[in-house]
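To start, the structure itself, in structure tokens.
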Amino acid sequence: MSKLFKRTTVTAALIYANGPIHIGHIAGCYLPADIYVRYLRATGQDVKFISGTDEHGVPITIKAKKEGVTPQEVVDKYYGIIKDSFEEFGISFDIYSRTSNKVHHDMSQDIFKNIYDKGQFVEETTEQYYDEKAQTFLADRYIIGTCPKCGNENAYGDQCERCGSTLSPTELINPRSALSGEKPVMKETKNWYLPLDVMQPALEKYVESHPEWKTNVMGQVKSWLNDGLKPRAMTRDLDWGIKVPLPDTEGKVMYVWFDAPIGYISMTKELTEDWEKYWKDEDTRLVHFIGKDNIVFHCLIFPAMCMADGRFILADNVPANEFMNLEGDKISTSRNWAVWLHEYLREFEGKQDILRYVLAASAPETKDSDFTWSDFQIRNNSELVGIFGNFINRAVVLTEKNFESKVPKQGALNDYDKQVLATLADMPAKIGDSIANFRFREALALMMDVARLGNKYLADTEPWKVIKTDVERTGTILNIGLQIAANLSIVAEPFLPFTAEKIRTILNTEAFGWSEAGRADLLAEGQAVTNVGLLFEKVEDATVAAQVQKLEDAKQQNLLAGKEVTPLKEEIQYDDFAKMDIRIGTIIEAEKVAKSKKLLKLKIEDGIKQRTILSGIGEHFQPENIIGQQVSFLANLAPRKMMGMESEGMILMAEDKDGSLAFVQPSKKVWDGGTVA
């Protein structure tokens, strides 16, 4: 950042209000944005942190159809879940709003009309996909087909979620309608296009003026520019969205990627009366935090919209992250292969900072990364408990034990003390520089180095031994240890805000500004120290195993959901079926067959006699639990020897999709020997 700005507007991607949020969303943009904003606030800068839910996209209408409710009911439900989850997790938005609000509709229509009045749109009648069975034009997300880039057979008309490529519907191979499953046809419709091809030179100049952008961002943007930009429709034929503010446009709404980024502006207007300085003043720095699937929209399409409108600043940086995977597999909402934030907050109550730490430590800053519950446990137990928490606990307990829980006097410093304090003084600037340049993993590691410095200092100086011979020296050691702890309350706050607050409670101090970090006199002699217990607790093996099992259960459910019914056998004649004598009987005895896992020996009362049937259901039922059970059995099956015993028939069973068995039995009790016809 070469230019000095007076203020900063920070946005985090507007997430579709069609489901809860998962760790991929958090690691992708919300946590990095929060770390950055908390740092800017600590340095005393004027910053506004803006986000909300995107409530107009086709994913909303798809969810509504799936759940049998209205789109408004869908967005109302998930807006509350998402907003509450963010708040509890400590994502410190200045406002978290929604694009269904009137202020957003008004602003979107104002910007659209302004661009239209300036002659910046191109009005075209083109052929677009139409579902003849559903009798509706198909928005991009209602068209599914094979991705031309990676071969994914379930790519959407605007994007492939497997490879992340941005697509147009006509690029899909073998397209089909998500509504009816039918192959769509092309039909004429009128829409308004943003002529990105004409605007490409201006967009290239804009992109080239920011060589500091991350390589993953610049690579994707340059690829689009090298391929040559094409006009993109800014309107759609839908009944859910912001109405196009032009005559004779019934049934036309704005393309979701036209109105969604305008949400950043309209939400700022909701937040403050002087909103314009955060969007129109050249002394304002605009930073968009997003995931890699939104790079093109924030680096090319939204800037093109702002250029066409002419009233708004362009983003100075777009520090997009790549994707976070889960246990080696792509996070998927549809497959429930995710760690959902609202569930984590219930199952790990009060442990927000553990997840914040782990996600920041493994953030997908330049390439995809992987979250595992094993890594979660190791990082917590080894780093947060073993290093960070251990240092704070040592310093507090030793002060409590030897100095009546009061900060001791800092006496004469030896060379090692001076060396440690000099190192401490240099650390905040290094951490801040990494945060300011969007290197959050690096910044987190540097923050942990402060805790390591404190841990090593106490280990090297051994105050628990020195106290036996030199109380004054011990006081100096613990004073320095507590000063390091006070510094941690500053430099850890962007990453671990709940932990930083606990440290301030322990040290009985207010929040310090970032400019005060590095000092060795933050705490006054005699200041009270309160032992509130351990900052972090170990995550046990059983806890991790339960989370892994939860994912395995979800995977199994997905496999079962995709399982198809066994194909029918070849056709038979009625006479073939009529040869089978199927009867109802009651199990009066049951026992396991020795040396067999599967076989049970059943004695059946069939109304004529008691017969023995050997059945391979031993892995599904306990013998004592099925006595008295009425069953259907094939009575005229020729007897056969099994395990040295003769079986006189076959029990009929139904197999569920998960392989479990159920008895085929009458809906009410009937007499033994009753026939099944």
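Okay, so the sequence shown: first residue is 1 according to UniProt numbering, each after it adds one. Using N, Cα and C, we set each Cβ at its ideal position, and we do this for glycine too.
Closest Cα partner of L482 within the set N558, I313, N390, Q72 = For the purposes of this step, residue 482 is taken as the residue at position 482 of the sequence shown. Selected option, being the one with the closest Cα: N390.
Proximal residues to V385 (C-beta, below 6 Å), its chain only, five neighbours per side dropped = Within the sequence shown, residue 385 is the residue found at index 385, counting from 1. F536, K538.
Segments of 3+ residues assigned as beta strand (DSSP E) that fall wholly inside the UniProt domain "TRNA-binding" (576 to 677) = 582 to 592, 600 to 605, 610 to 615, 630 to 634, 640 to 642, 645 to 647, 653 to 655, 661 to 663
request  = Give the C-beta separation of L523 and T509 to the nearest angstrom, bearing in mind that I take them to be a contact with Cβ-Cβ under 8 Å.
outcome  = Numbered from its first residue, the sequence shown carries residue 523 at position 523. Numbered from its first residue, the sequence shown carries residue 509 at position 509. The Cβ separation is near 7 Å, so the contact holds.
ask   = Does DSSP put S515 in a helix, a strand or coil?
value = In the sequence shown, counting from the first residue as 1, residue 515 sits at position 515. Helix, per DSSP.
ask   = Do P319 and Y39 have their CB atoms nearer than 8 Å?
value = Along the sequence shown, one-based indexing puts residue 319 at 319. Along the sequence shown, one-based indexing puts residue 39 at 39. No, these two residues do not count as a Cβ contact at 8 Å.
inquiry  = Using a Cβ-Cβ cutoff of less than 6 Å, which residues in the same chain neighbour M1 once the five nearest sequence positions on both sides are dropped?
reply    = Numbered from its first residue, the sequence shown carries residue 1 at position 1. Residue placement at M1 is flagged as unreliable, the pLDDT there being 47, under the threshold of 50; the coordinate-derived value follows with that caveat. Contacts found: none.
request  = Measure from the alpha carbon of E55 to the alpha carbon of each residue in Y30, W240, S369, then state which is nearest.
outcome  = Position 55 of the sequence shown, counted from the first residue, corresponds to residue 55. Minimum Cα distance to E55 is reached at W240.
key: First and last residue of the uninterrupted alpha helix (DSSP H) at F312   = Here residue 312 is taken as the residue at index 312 of the sequence shown, counted from 1. Neither: F312 is in no alpha helix (DSSP H) and is coded neither H nor E.
ask   = Using 8 Å as the threshold, is the region 629 to 646 in touch with the region 551 to 559, meaning 3 or more CB pairs across them?
value = no
task = Return yes when the Cβ of E322 is within less than 8 Å of the Cβ of V103, no when it is not.
result = Within the sequence shown, residue 103 is the residue found at index 103, counting from 1. Within the sequence shown, residue 322 is the residue found at index 322, counting from 1. Their beta carbons are not under 8 Å apart, which means V103 does not touch E322 by this criterion.
request  = Can you tell me which of the three DSSP states M234 falls into?
outcome  = Taking the sequence shown and counting its residues from 1, the one referred to as residue 234 is at position 234. DSSP places M234 in coil when its eight states are reduced to three.
key: Anticipated Cβ contact below 8 Å, I480 with L559, distance rounded   = Along the sequence shown, one-based indexing puts residue 480 at 480. Along the sequence shown, one-based indexing puts residue 559 at 559. Actually they are not in contact, since the Cβ atoms of I480 and L559 sit about 58 Å apart, beyond 8 Å.
message = Suppose you measure from the CA of I431 to the CA of W514; what does that come to, to the nearest Å?
response = Working through the sequence shown from its first residue, we reach residue 431 at position 431. Working through the sequence shown from its first residue, we reach residue 514 at position 514. C-alpha separation (whole angstroms): 10 Å.
Reduced DSSP category for Q556 - H, G, I as helix; E, B as strand; rest coil = Along the sequence shown, read from residue 1 onward, the residue named residue 556 stands at position 556. DSSP places Q556 in helix when its eight states are reduced to three.
ask   = So V396 and V491 are in contact, right, with Cβ under 8 Å, and what is the actual spacing, rounded?
value = The residue given as residue 396 occupies position 396 in the sequence shown. The residue given as residue 491 occupies position 491 in the sequence shown. Not a contact, Cβ separation roughly 18 Å.
inquiry  = Which residue wins for smallest C-alpha separation from Q45, given the options L355, V37, L172?
reply    = By 1-based counting over the sequence shown, the position of residue 45 is 45. If we check each option's Cα against that of Q45, V37 comes out closest.
key: Proximity below 8 Å, CB of C306 to CB of F312   = As a first step, residue 306 is located in the sequence shown; it is residue number 306 there, counting from the start. As a first step, residue 312 is located in the sequence shown; it is residue number 312 there, counting from the start. Result yes, Cβ atoms of C306 and F312 sit closer than 8 Å.
key: Any non-hydrogen atom of the ligand FAD within 7 Å of L614 CB   = Absence of the ligand FAD is noted for the structure shown, with no ligands found whatsoever.
request  = Find the nearest neighbour of G649 within the set K603, G518, D274, judged by alpha-carbon distance.
outcome  = Taking the sequence shown and counting its residues from 1, the one referred to as residue 649 is at position 649. Looking at the Cα atoms, K603 is the closest of the given residues.
query = Among residues of its own chain, excluding the 5 on either side of M186, which ones have a beta-carbon nearer than 8 Å to its beta-carbon?
reply = As a position in the sequence shown, residue 186 is number 186, starting the count at 1. Here the set comprises E127, Q128, Y129, Y130.
query = DSSP three-state call for Y129: helix, strand or coil?
reply = Counted from its first residue, the sequence shown places residue 129 at position 129. Residue state, collapsed to three classes: strand.
key: Stretch pair the region 133 to 140 + the region 177 to 186: three plus CB contacts closer than 8 Å   = yes
ask   = Going by Cα to Cα distance, which pick from D581, H342, A425 is closest to D84?
value = Within the sequence shown, numbered from 1, the residue matching residue 84 stands at position 84. Of the candidates D581, H342, A425, the one whose C-alpha sits nearest the C-alpha of D84 is H342.
ask   = Under a three-way DSSP split, which group does K118 fall into?
value = Here residue 118 refers to the residue found at position 118 when the sequence shown is read from its first residue. K118 falls in the coil class under three-state DSSP.
ask   = Roughly how many whole angstroms lie between the Cα atoms of E282 and E204?
value = In the sequence shown, counting from the first residue as 1, residue 282 sits at position 282. In the sequence shown, counting from the first residue as 1, residue 204 sits at position 204. Cα to Cα, E282 sits roughly 20 Å from E204.
Alpha carbon of T496 to alpha carbon of V358, nearest angstrom = One-based indexing of the sequence shown puts residue 496 at position 496. One-based indexing of the sequence shown puts residue 358 at position 358. As written in the sequence, residue 496 is Leu, which differs from the Thr given in the question. For L496 and V358, the distance between alpha carbons rounds to 11 Å.
key: Own chain, CB closer than 6 Å to C147, minus 5 neighbours either side, in chain order   = Translated into the one-based positions of the sequence shown, residue 147 becomes position 147. The residues are A155, C160.
ask   = Which residue or residues does DSSP assign as beta-bridge partners of E332?
value = Taking the sequence shown and counting its residues from 1, the one referred to as residue 332 is at position 332. First, the amino acid is wrong: residue 332 is Ser here, not Glu. In DSSP, S332 forms a bridge with W337.
First and last residue of the uninterrupted alpha helix (DSSP H) at I26 = In the sequence shown, residue 26 corresponds to position 26, counting from 1. Segment: none, I26 is in no alpha helix (DSSP H) and carries neither H nor E.
inquiry  = Spatial neighbours of V221 within its chain, please: C-beta separation below 6 Å, excluding the five flanking residues on both sides.
reply    = Within the sequence shown, the letter at position 221 stands for residue 221. Cβ neighbours of V221 beyond the five flanking positions: V207, C299.
task = Identify which residue in L599, Y142, L534, D541 has its Cα closest to the Cα of G350.
result = Mapped onto the sequence shown, residue 350 falls at position 350. When each option's Cα is compared against that of G350, the closest is L534.
ask   = In whole angstroms, what is the alpha-carbon distance linking N152 and R162?
value = The residue given as residue 152 occupies position 152 in the sequence shown. The residue given as residue 162 occupies position 162 in the sequence shown. In a straight line, the C-alpha of N152 is about 7 Å away from that of R162.
task = Can you tell me which of the three DSSP states F371 falls into?
result = Here residue 371 corresponds to residue number 371 of the sequence shown, with the count starting at 1. Looking at F371 - three-state DSSP - the assignment turns out to be strand.
query = Going by the CB atoms, is the gap between I387 and M448 shorter than 8 Å?
reply = Your numbering for residue 448 matches position 448 in the sequence shown. Your numbering for residue 387 matches position 387 in the sequence shown. It is a contact, given that the beta carbons lie within the stated cut-off.
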